[in-house]
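In this note's numbering, the protein residues as written are -18 to 627.
Take a look at the structure below.
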RNA sequence: GCCACCGUAACUCAGUUGGUAGAGUAGCUGAUUUGUAAUCAGCCUGUCGUGGGUUCGAUUCCCUCCGGUGGCUCCA
């Protein structure tokens, strides 16, 4: 048999006999690689390790250390789980079981609900099946054979899927008596699956449509090494520890009361103080960036929402109407129509543009009870909204400015890692192609100029215009969507908006919707989780807490507190007759950035003993020095608690 | 809304052949005057989410509704 030439990722070339398997190739490179190998990539196409390679190709051996490796591994684990489920619950019907971003799931149709105990049993069975090192093999069969095969097994969901496949040859994967319809690739043997944890059971509609039957979905995760799984589980615990709902309660930031209504946030004094600090900063920055502030009502006449199109396109998210002297009114789900009303209140000239109307506008949207989630998904929220009315020729300059503004704002809150998504024209849309092209291009240019890497979401735009969404990466590497900048070709038409151009003719302005933080509720929730409740000094509701050691320092401690307050530093005092360790414990649990202990020594030296958040004892320093240091951090919105001394 | 699980004191949670409830924390009172993450003692705390059913008797078993959690769909 003749040799084939394989080029490796490192640029080297290897000659091997044609027909060698992917595993064989991996072995020829090294035993370690062969052990870690999950699949092989041939000219960019993934293939099973136990299949032959017949032609010259550029190859790469896929291991767990890549997103594609994760996918193969998790997908194979989902098969293993389905295998185990079929053994334990032969009546369960298979639906689908893909790999997802973190782990995998498989949907089953089974009369009796799965219980947490079932998960343990399934995990055990999976370990058994993995240990048995059953080979996983691919079989290509005709569509007719595949149909017969799955009909015979009573796998009606698979039959439905096969019927919709265009190909005449169908691939199925088998491991022992288990078989699944699958494109592959898969690991060559079940023994590759080492450490598995089944995480949760959830309902999921067949094919995601609520018209279909509700199936049972089991989520899980797996890793080639137990340590990796342990790390993952530790991460889940960390996520739980940072949960903004828990921290919101512990730190007394906000609550949501059953009595006043789900999805409606009650901001407690400390949370409200943080919000106010964010808002003050937000307003200052908007003023500097040429925005005008506006305020608009919470309700508006039906005719307004008819003109805007909300009643035809957004009604399912709006609360039912109220009757005002025979006129129908609606609570606002968005601010834009009001801002447009302000624009239209007088004739605008090209000299007025761009006009930037900004409002912390509270909107209400109907969300189904099942989707509400702490601060992240609510029914009433305040958008840091603005609408920019701009002449077409200035659009690009404007977008560049907006994106730069977004980035600056987010960086101040301590986020440096962003991911941008530009969504382009969907199938159903308004506005001609040239407009879309121009606006999409402007978004790309703006992202480039701001140094933002972006991905294109082809066809993902709203029907009224393209948009860019910016996601923030938090301390745990999770992505959160906050900022959005959207073009709107629809509203200017609907409201017949105009401005008078240099040519003394009426022209249509562009409307750009934009939110930097998204909603104050969601942003706050995200901030809580990002900082695990330990906010930067400028945001912390209490910035310094003065603790007296005995009653002898009472007056001095009060004096310190008053001086701090006078300097604009949010300070509190604890003069209870408790031991210092106790008071420190409480202040530390409140995540106060600085604890100032005052005893006889400090009184004598006009000093404070500073304990930084995290437990670092800085010892005694003159009160003035502390105040200078903390004021500097606050003024510059630093995210560190490290005082610059001197 | 749908599926699963859950709902006991302000908070975290115990409470099995069905006999009207308990711990820690917090709170309050008092003692203690304390040097870097829990001083001690005493006191208080409940329509056992709601409504109904079964039963002599229900926190416990059954049903309804409300709310929460994890998902599905959607999204700031």
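Glycine included, every Cβ here is placed at the ideal spot set by N, Cα and C.
Values in this document were obtained by computation on a predicted structure and should not be read as measured data.
In terms of alpha-carbon separation, which member of the options lies closest to residue i?
i: residue 166; options: 58, 238, 193; result: 58
i: residue 418; options: 397, 429, 440; result: 440
i: residue 372; options: 551, 427, 489; result: 489
i: residue 9; options: -5, 17, 479; result: -5
i: residue 76; options: 62, 83, 82; result: 62
i: residue 52; options: 69, 19, 172, 219; result: 19
i: residue -17; options: 297, 487, -3; result: -3
i: residue 577; options: 545, 558, 549; result: 545
i: residue 83; options: 213, 519, 515; result: 213
i: residue 230; options: 603, 242, 247, 35; result: 247
i: residue 575; options: 559, 558, 554; result: 554
i: residue 101; options: 455, 33, 181; result: 181
i: residue -10; options: 11, 559, 40, 73; result: 40
i: residue 81; options: 199, 21, 388; result: 199
i: residue 520; options: 241, 618, 463; result: 618
i: residue 159; options: 74, 341, 339; result: 74
i: residue 340; options: 329, 243, 261, 349; result: 261
Please report the straight-line C-alpha distance between residue i and residue j, rounded to a whole angstrom.
i: residue 234; j: residue 607; result: 27 angstroms
i: residue 526; j: residue 380; result: 44 angstroms
i: residue 627; j: residue 612; result: Caution is warranted here: a pLDDT of 45 is assigned to residue 627, below 50, making its placement in the model unreliable, and no coordinate value can be reported.
i: residue 23; j: residue 38; result: 6 angstroms
i: residue 263; j: residue 13; result: 54 angstroms
i: residue 437; j: residue 25; result: 21 angstroms
i: residue 485; j: residue 190; result: 53 angstroms
i: residue 130; j: residue 396; result: 53 angstroms
i: residue 326; j: residue 269; result: 25 angstroms
i: residue 297; j: residue 183; result: 25 angstroms
i: residue 163; j: residue 54; result: 14 angstroms
i: residue 376; j: residue 254; result: 36 angstroms
i: residue 108; j: residue 517; result: 46 angstroms
i: residue 125; j: residue 91; result: 27 angstroms
Within 10 angstroms of its Cβ, does residue i collect 16 or more other Cβ (buried), or is it exposed?
i: residue 579; result: buried
i: residue 150; result: exposed
i: residue -15; result: buried
i: residue 598; result: exposed
i: residue 628; result: Absent from the structure is residue 628, since the part of the chain shown begins at -18 and ends at 627.
i: residue 306; result: exposed
i: residue 352; result: exposed
i: residue 113; result: exposed
i: residue 195; result: exposed
i: residue 449; result: buried
i: residue 257; result: exposed
i: residue 284; result: exposed
i: residue 132; result: exposed
i: residue 678; result: Residue 678 falls outside the range modelled here, since the chain spans only -18 to 627, and no answer is possible.
i: residue 93; result: exposed
i: residue 477; result: exposed
Looking at residue i: is its Cβ nearer than 7 angstroms to the Cβ of residue j?
i: residue 201; j: residue 85; result: yes
i: residue 461; j: residue 507; result: yes
i: residue 95; j: residue 197; result: yes
i: residue 620; j: residue 593; result: no
i: residue 480; j: residue 272; result: no
i: residue 359; j: residue 502; result: yes
i: residue 435; j: residue 401; result: yes
i: residue 161; j: residue 60; result: yes
i: residue 523; j: residue 551; result: yes
i: residue 303; j: residue 314; result: no
i: residue 493; j: residue 468; result: yes
i: residue 355; j: residue 407; result: no
i: residue 475; j: residue 290; result: yes
contact_flag[the region 175 to 185, the region 134 to 153] where n(CB pairs < 8 angstroms) is 3 or more: The region 175 to 185 is not in contact with the region 134 to 153.
Stretch-stretch touch, CB-based, cutoff 8 angstroms, three pairs: the region 580 to 588 with the region 526 to 536: Contact between the region 580 to 588 and the region 526 to 536 is present: 3 or more CB-CB pairs across the two stretches fall below 8 angstroms.
Cβ contact (3+ pairs, closer than 8 angstroms) linking the region 311 to 322 and the region 273 to 292: The region 311 to 322 vs the region 273 to 292: in contact.
The region 148 to 164 touching the region 35 to 50, judged by at least three CB pairs closer than 8 angstroms: Between the region 148 to 164 and the region 35 to 50, the count of C-beta pairs closer than 8 angstroms stays below three; the two stretches do not touch.
Three-pair Cβ contact test at 8 angstroms for the region 418 to 434 versus the region 356 to 366: Touching, no, given that fewer than three Cβ pairs across the two stretches are closer than 8 angstroms.
Given 8 angstroms, three or more beta-carbon pairs between the region 218 to 235 and the region 335 to 342: Taking 8 angstroms as the limit for Cβ pairs, the verdict is that the region 335 to 342 does not touch the region 218 to 235.
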